[in-house]
Structures are given as C-alpha cells and as structure tokens.
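Numbering (the working numbering), first residue to last: 220 to 978.
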DNA sequence: CCTGCCCGGGTTTTT
DNA sequence: CCCGGGCAGG
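Here is the structure:
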C-alpha cells in the first residue's frame, strides 16, 4: 500500500486536500464534490502514511449516520477495525468525554441527557415554581433565549437583562441550571458548553486533551456555532492540526446559533492556512448545477464558486403547479410510478422534500392510498412517540432517580392515583427538606415518616417500592426482564388500550413499545451498559434512523436532506410563506438562509429534479388559502425549465419579494414597493414585517429616511472599527454592521462618530 | 382529590 | 389537527 492508494481516482484538488501537510487546512467543498471521500481518505492517509495512531484522531460529523458511514469507510480503506478513533457529532463526542469528567464539574458520571422535550418540560416546571405566568412568557421562547445564550457561552450570571423579558429569562435561566444540576442532567447545549468550561478551567485537563488529539477534522464547518468553534480551537491547539471542510452556501442552521462566517474567522484565526477549493461536481447533471447556481447567485457576501460536471446537460427541470396539496402529492406519486416503469428506477431512488414537517401529512396520505412504500424521516418519529418516551422515562428514572423530568412524566402514568395536589405536596416536601427526588423516594422506601397525607404517602410508597425492585433487577443486569416487569406491573399495554381512540392506534403504540424492547435486547447482546443505551437514545437524529437499501421512497425536510443524494428529487411546496418560510422575513439574513436551503435541496438531485407548488394550500384540514409561487422560482433560467405553458407563464408573476425590498438593488426595474418606500408609504405586508421587529429600548420614534447607511456601504465606528452594512432596520435607525474584527453588531444610526465611508 | 371531557390556541428548520 | 390546560363530575 503506497501513498497513491489513498489518492487514486481523485482529482488534483482532492488529492491535495487528502495529503495536505500539518497545520490548519480549509477545504471549501461545493455540493457533490466528494468531500466525504476526501475526509475518509485523509483520515486513512494520516493513520497509514503519517503514522498517527488512530485513537489520536478526532473527526466531527454532523449526524451519527454520517459518523457511522465515515468510520466504516475508513475501516474499509485500511482493512482494519478502528476502535478508539473518535468519530461522532459534537454532542456525542462531548457526551462521551463528560461521562469521564463529570465529577470535576460537580455532576455524577451517570448524568442523563435532556432532549428538547425534556428541556421544555423542565423550563415549564421552573417557570411555574418562580410564579411566572407561562401564558405571558412562553416557556419555549424563554428556552430559546437560554439556548442562544449557551451557544454564545454566556452563563446565567453574565446574562444581560436589557428589558423586562430578558430579566425574566435571566431568572429562569439561573433556576433552570440549578434544576438541571439537581436532576443530574445536562441538556444538549450543556454538553458542548460544559466541555468548553472544563477545558478552560483546568490546565491539566486541557493539556491532557490537547496532547491526546494530534489532529482534529470537522465536517460541515459552516454549521458550527460559537461553542463548537471554541471547542475545536481549544482541542486543536497548540499544534493546530485542524482540517475543516465546509461550504458557506449550504449553511442552514443559523437558527441554532450556527454562523457560516466561522469559515472566514478560520482564515483569520489561523495564520496562513492551506485553502483548497473543490468545484468539480460528481453528482448532478449540468442543468441541475446551472439551476442551483441561478438560485445561490442571488445571495450576497459569498465566495463565488463554479461548479462543473462531466456528466452532460441531462434533462430539464420540471416545474408543476398543482391545484392543492393533495393534487401535488398525487402528481409526485404519478411521476414516481411512471419513472419506475420507464426508467427502471427503484423506490429508493426517489426523495420527496419539503420545508416543514407538517407538509408530510398530505404526502403520506397519498402514499398510503396508492400503497407505495415510503420512509418518513423525522416528523413525529419513533423517539418522540408518547409511549416510547414514557418507557424511556422509566428506564431513565431507574438509572437516575434524581431525574425530575422523567419522574414527573411517569409518576402517574399509567394513572395510579397521584394527581396534581399529591404531586405538589410531594415536591414541596422535597424542596423544603433540600432533598433530591431520589432521596425522597429512598426515604419512602425505608418507611421513614413523611409530611404527606396517609393516602398519598401510601401511593408514593408503592411507587418507590416498585422503582426499587426494578433497580435491583437492573443491578443483576437483566434489563429485558426488568423491562417486561415494568410493562406488566404498570399494566402499560392496558393503559395504551385505554388511552387510544382506535384499536389500531393502540396496536401501533404497543408495537412501538415492543420495538423499544427489541432495541434494549440488542444493546444487551452487545453488552452496552444502560447509561450508554440511554445516552444513545437521546442523541439520535431523525436522519440517523434512515437505513440504506430499504425499498421505499424517502420523505423528509430539506434540513434532513443535507449530505444525502438521490437520482430523482421532488421539492414540494415552493410557495411564498413556505419556501421561503414566512418567519424568515422577520430575520436578519433570513431569506438568504431560505435560499441556501433551497440550494441544498436542488443539489441533492443526481439526474432529475421536480419543483412543485400548490395553487391553494390547507395548513390543517379544511378550507385552505390561496398561495403564490415562491419568489425563488422567478430566479430560475427559463430555458432550463419544463412545464405546462400556463405554469411557466405564472412564474413571471412570482415576483421576488426580496428583490423588492432589497435597497441596494441595482437593477433598472423599480418595483412598486421600492417606489412606495421612497415616497414613504408602506405596504401592508411591509408594515406587518416591521411591526414584529421590537425596537431597542431608548429609541426615538421619529422616522428618518435619509440614512446614509445603505446595505453594502462601508462604515467606520470609533469603538468597533471598520465594517460593512448588511441590513437596515426601523427606517434606518438601526444598522446591522458586519465589523471586520468583531463580527455582527447592531448600531444606532445616530451613534457618535458612526459614519459611512463611501458615497 | 382524581379522571375524563371539552375547548381554545398554536404550529420552521434540529443535535 | 393535535396538544395542553381548565372545568365539572364521580
């Protein structure tokens, strides 16, 4: 095996990336440019040619599925098992490290991981305990703020309370973190943040981890957030052998704190990195690439790429207008059946993509009606099902009796006579005695006196006894037997019958419980400890459950589709308000992100691409409202499109809302909205958007329209230095500036010394 | 004091 | 359309 083995069949750029020398390397990889091959071969090359022991390599992927694939590809290249090679998502890798280091953070090593549902449940508990009205202050909104803060590495103490809402958030944040600790639980964000805090806080530990990892590789680098960036930075130091692969055009996780400008930051942070551009596409036809480019070229502030392929033009892209979402689904199915007959394609060659999970319903219905096999990625997936979460809560409580969220979930499921009042009394007792849930249950088990009423005490005692008996079974290691004992003792299957509307529903839910039992059985066969099994269950992503080779059409959101490819792709619901999603209009850079999402969808297709929209769409059953074709359709080159004359003519009307509001638009056509803006009359849609932007406190209401700060203008600020305007809000009073050194900041237009440099 | 029923409200994307 | 919360009956 020689060096060329790992670069065989690769193009010059790919080979250069695979065999790049030590130090920072940035690979800008367009879609379909073979980045997975590059990453896996790089790892194999490092192990074989550079003699780096495989356990001293860390590779971060975006999903567990990608991690599994990467591991097996590396193993196939090297013909050897690679146990100890750290491949996984940021979350999974941190969870593993923290399992070992938990104690230095004041956690126990058997800590549990709270997923988003658990997080919401805990925030709700905390909000109620603090006497805050959850109707006035939406727990999900509060959680969102907390999560953002954690992603920016801002703790509860440093959290700035600028207004009443953020003061509430600060309070909840503080109490929420305390509650997590009391429950010996970390949420998703804690996994990353705690790891950073740990490494920052201890020279010894930091040295140990830095020593351990000779080199760090990161996939989908454009979707890293601040904590993740920091983590990579710390772990890769001091030798800075850091190899990142990314594509700014595929950044679709800003809502989760991801910042594609980390790619730019990387170039500034590491002196003189090796930069490699992968532009040769091995996936799609030229027509698909041309359409993709037409989409993404509308985004500003990006490194232009020139994707090309040897595969020829291929067929044109089909655009279809359906009457409503049901017809749209029927159309998709018709095309699938036809292509299967004519082109000899299999079901697994097709994928149907949509912006929101809710859109899958109509699609699923059509697949069921036509008895066409499909797999649904995400949605109300297996792990989110009530019955599965219930049973997992039992397992988690057995494993960690302090787990408050799990306790509250199942203490009365199935109903065992412990209602709201009894639970409140119990929790009061726990709080006043300064105990954890587990300690209280322990006291009950040993028949210690409690302040509870006799009736309530009896019921809680019975529960504590049951829990203890399961814990005994768990100790002996017979987990499947224990599982069966839980369902038997609690009469869980009967409970499912009682709480289901239809017998079929009960049967389906019972199946889900049995499937979880099967997973547990499987885990035991591989001698996986319970805590590991539970951690794995919390960290599964929707797409992770997607198996290859199933004879079925794949249905999924555009987000889930990232990193995948299919011969035939349908992107449905190309309507204003759906793609781009209406929420995006309120967000800074929102439309650009929607466009990237569309771009990701388009570039999943290998040979055929179908774009569809409905004339009328019902969000939930009943009526439905008229919709308008997505503005993105108007951007597509007409000579590459196929469709009925009426549909194609319609696209002319798909006026781009964004180009209407783009203030630096240099095109000659002056839209109505632009004129309106200039004459200071605001259209309904515009005022609707504006009204949702909450002005900063202390801003004078008078509007100023003659702002010198236009999008794209270069500006200077006495404190923040030089930067570029990327957005203007509130009629020019607030300017969003991307500063060269400090990143994005919002500045008041009349701030002292804040000036425009050109014009 | 618990359970079942009804009504109203809210719905992007995910590790 | 589905969930969660509030209310009345048991």
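Don't be surprised by glycine CBs; every beta carbon is placed ideally from N, CA and C.
The structure displayed is predicted, hence computed values, not measured ones.
Query, Result
"Residues sharing a beta bridge with residue 695, DSSP", "Answer is none; residue 695 lacks a bridge partner."
"Endpoints, beta strand (DSSP E) assigned at residue 514", "Residue 514 -> not in any beta strand (DSSP E); alpha helix (DSSP H) instead, spanning 505-515."
"Coarse secondary structure for residue 476, derived from DSSP in three states", "coil"
"Buried versus exposed, by CB contacts within 10 Å (16 or more), residue 228", "exposed"
"Proximity below 8 Å, CB of residue 511 to CB of residue 244", "no"
"Any 3 or more C-beta pairs closer than 8 Å across the segment 600-619 and the segment 583-590", "no"
"Cut-off 6 Å between Cβ atoms - residues of its own chain near residue 849, not counting five sequence neighbours on either side", "793, 794, 795, 798"
"Residue 984 versus 347, 758, 410, residue with shortest Cα-Cα distance", "A question about residue 984 goes unanswered here, because the residues of the chain that appear run from 220 up to 978."
"Residue 450 versus 705, 750, 579, 310, residue with shortest Cα-Cα distance", "310"
"Neighbourhood of residue 909 by C-beta, 6 Å cutoff - its chain only, sequence neighbours within 5 removed", "Because the pLDDT at residue 909 is just 26, under 50, the model does not fix this residue reliably, and the value given afterwards should be weighed accordingly. Hits under 6 Å: none found."
"Alpha-carbon spacing of residue 664 relative to residue 726, whole angstroms", "35 Å"
"Which of helix, strand or coil DSSP assigns to residue 228", "coil"
"Own chain, CB closer than 6 Å to residue 974, minus 5 neighbours either side, in chain order", "935"
"Proximity of residue 682 and residue 635 at Cβ, strictly below 8 Å", "yes"
"Buried versus exposed, by CB contacts within 10 Å (16 or more), residue 350", "exposed"
"In DSSP terms, what residue 797 is bridged to", "800"
"Rounded separation between residue 285 and residue 291 - CA only", "10 Å"
"Range covered by the beta strand (DSSP E) that runs through residue 936", "933-936"
"Cutoff 6 Å; reference residue 728; Cβ partners in own chain excluding five residues on either side", "606, 715"
"Under 8 Å between C-beta atoms of residue 788 and residue 833", "no"
"Nearest neighbour of residue 196, chosen from 808, 870, 867 [CA to CA]", "What the structure shows of the chain is the stretch from 220 to 978, and residue 196 is not part of that stretch, so it cannot be assessed."
"Own chain partners of residue 647 with C-beta closer than 7 Å, once the 5 adjacent residues on each side are dropped", "none"
"Any alpha helix (DSSP H) of 4 or more consecutive residues that is wholly inside the segment 411-443", "422-431"
"For residue 841, three-class secondary structure by DSSP", "Confidence in residue 841 is poor, its pLDDT being 49 and thus under 50, which makes the residue's placement unreliable; the coordinate value appears in the next sentence. In the structure shown, residue 841 sits in coil (DSSP, three-state: anything other than H, G, I, E or B)."
"contact_flag[the segment 370-386, the segment 321-337] where n(CB pairs < 8 Å) is 3 or more", "no"
"Residue 825 - DSSP class collapsed to helix/strand/coil", "strand"
"Counted within 10 angstroms of its Cβ, other Cβ atoms place residue 481 as buried (16 or more) or exposed", "buried"
"Proximity below 8 Å, CB of residue 317 to CB of residue 413", "yes"
"Simplified DSSP assignment, three categories, for residue 811", "helix"
"Bridge-paired residues (DSSP) for residue 831", "539"
"Bridge partners - residue 527, DSSP secondary structure assignment", "499"
"Other residues of its chain near residue 659: CB distance less than 6 Å, five sequence neighbours each side excluded", "649"
"Range covered by the alpha helix (DSSP H) that runs through residue 558", "544-562"
"Between the CA atoms of residue 358 and residue 344 - distance to the nearest angstrom", "9 Å"
"Coarse secondary structure for residue 1035, derived from DSSP in three states", "It is not possible to answer for residue 1035, since the shown part of the chain is limited to 220 through 978."
"Paired residues, beta bridge with residue 465 - DSSP", "247"
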